[in-house]
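S.K.: Below: one structure in structure tokens.
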């Protein structure tokens, strides 16, 4: 696992605990877009340094460049994994956005998988280089790009990358009658169309059938004490990873 950032996070007390404990399987790297793009259609392009206040344009660029360079799964940091992703990895894919009743956004890169130097990503970089510059605060290099690429492949009779159904990673962003409970509110008595949260293991079973819970940039919110996120996910992470051994020193 590589934690990518635009600054050095290796001295962060939370991150350094994982670096000490898992030196052979966890590392941090600082993004160098010029280096990552050196063998793509965007090499030496001024587009590489486009930014916006939301970090949508530059963030969407980084996920494509990193996946192109290394291959593998990209996971946004506002996601909580619920199970091993191995069953998904025989395919290259992006994720269906969600099923909210809102302006339709078809595809999402918060969870995506592409092979190293994937032809799909190679074509995406050509499209980016040949198109108008991305508009700040838009998904021009994210959802919109993925959809244009998918349609271009279909039009050319080339089998496209797969689209992972939203429910596998975005089950809290759906209709009120079947979504996961809100992770930032105290546990409700009922969820998902009347199912009881206090009785049985239905929610636990559902979390075992999906792969992630995407939180959509809600960094300022906290999880309620002993809520379902704490009980069914975070406490299990602690037990699996070593508990108190991974806690940063008191400051």
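In the UniProt record's numbering, the protein residues as written are 1 to 251.
For every residue, glycine included, the Cβ atom is placed at its ideal position computed from N, Cα and C.
Remember, predicted model here, so these are calculated numbers, not experimental data.
(1) Please report the Cβ distance between residue 164 and residue 78, rounded to the nearest whole angstrom; I am assuming they are in contact, meaning their Cβ atoms lie under 8 Å.
(2) Would you tell me roughly how many angstroms separate the C-alpha atoms of residue 224 and residue 197, rounded to the nearest one?
(3) Can you give the Cα-Cα distance for residue 188 and residue 181, rounded to whole angstroms?
(4) Going along the chain, which residues of its own chain have a beta-carbon closer than 8 Å to the beta-carbon of residue 285, five neighbours each way excluded?
(5) Return yes when the Cβ of residue 141 is within less than 8 Å of the Cβ of residue 57, no when it is not.
(6) Would you check if there are 3 or more beta carbon pairs closer than 8 Å linking the region 137-155 to the region 52-71?
(7) Starting from the C-beta of residue 125, find all residues in its chain whose C-beta is less than 7 Å away, skip the five residues before and the five after it, and write them out in chain order.
(8) By the 10 Å Cβ neighbour count, where 16 or more other Cβ atoms means buried, how is residue 86 classified, buried or exposed?
(9) Can you give the beta carbon distance from residue 213 to residue 183, rounded, assuming they're within the 8 Å contact cut?
(10) Quick check on residue 191: does DSSP put it in helix, strand or coil?
(11) Which residues bound the alpha helix (DSSP H) around residue 276?
(12) So, with DSSP's three-state summary, where would you put residue 235?
(13) Take the Cβ of residue 75 as the centre, count every other Cβ of all protein chains shown within 10 Å, and call the residue buried at 16 or more, exposed below.
(14) Spell out a yes or no on whether the region 109-119 and the region 20-31 are touching, meaning 3 or more CB-CB pairs, one atom from each, closer than 8 Å.
(15) Looking only at its own chain, which residues have a Cβ that is under 8 Å from the Cβ of residue 123, when we skip the five neighbours before and after it?
(16) Which one of 169, 191, 155 and 120 has the shortest CA to CA distance from residue 161?
(17) Is residue 96 near residue 107, with beta carbons less than 8 Å apart?
M.R.: On the basis of the data shown:
(1) Not really, about 17 Å apart at Cβ, beyond 8 Å.
(2) Rounded to the nearest angstrom, the two C-alpha atoms are 15 Å apart.
(3) Between the alpha carbons of residue 188 and residue 181 lies a distance of about 7 Å.
(4) The first residue shown for the chain is 1 and the last is 251, placing residue 285 beyond what the model contains.
(5) Yes, these two residues count as a Cβ contact at 8 Å.
(6) Yes, the region 137-155 is in contact with the region 52-71.
(7) If we look at residue 125 and ignore the five residues flanking it on each side, its Cβ neighbours are 40, 41 and 42.
(8) So residue 86 ends up on the exposed side.
(9) With a Cβ gap of about 7 Å, residue 213 and residue 183 count as contacting.
(10) In the three-state scheme derived from DSSP, where H, G and I count as helix and E and B as strand, residue 191 is classed as strand.
(11) Residue 276 lies beyond the residue range present for the chain, which begins at 1 and ends at 251; the question has no answer from this structure.
(12) The DSSP-derived three-state label of residue 235 is helix.
(13) Of the residues assessed, residue 75 falls on the buried side of the cut-off, its CB having 16 or more other CB atoms within 10 angstroms.
(14) In this structure the region 109-119 does not lie against the region 20-31, because fewer than three pairs of beta carbons, one per stretch, are closer than 8 Å.
(15) Excluding five sequence positions before and after residue 123, the CB atoms of its chain that fall closer than 8 Å to its own CB belong to 149, 152 and 153, given in chain order.
(16) For the options 169, 191, 155 and 120, the alpha carbon positioned closest to that of residue 161 is the one of 120.
(17) It is a contact, given that the beta carbons lie within the stated cut-off.
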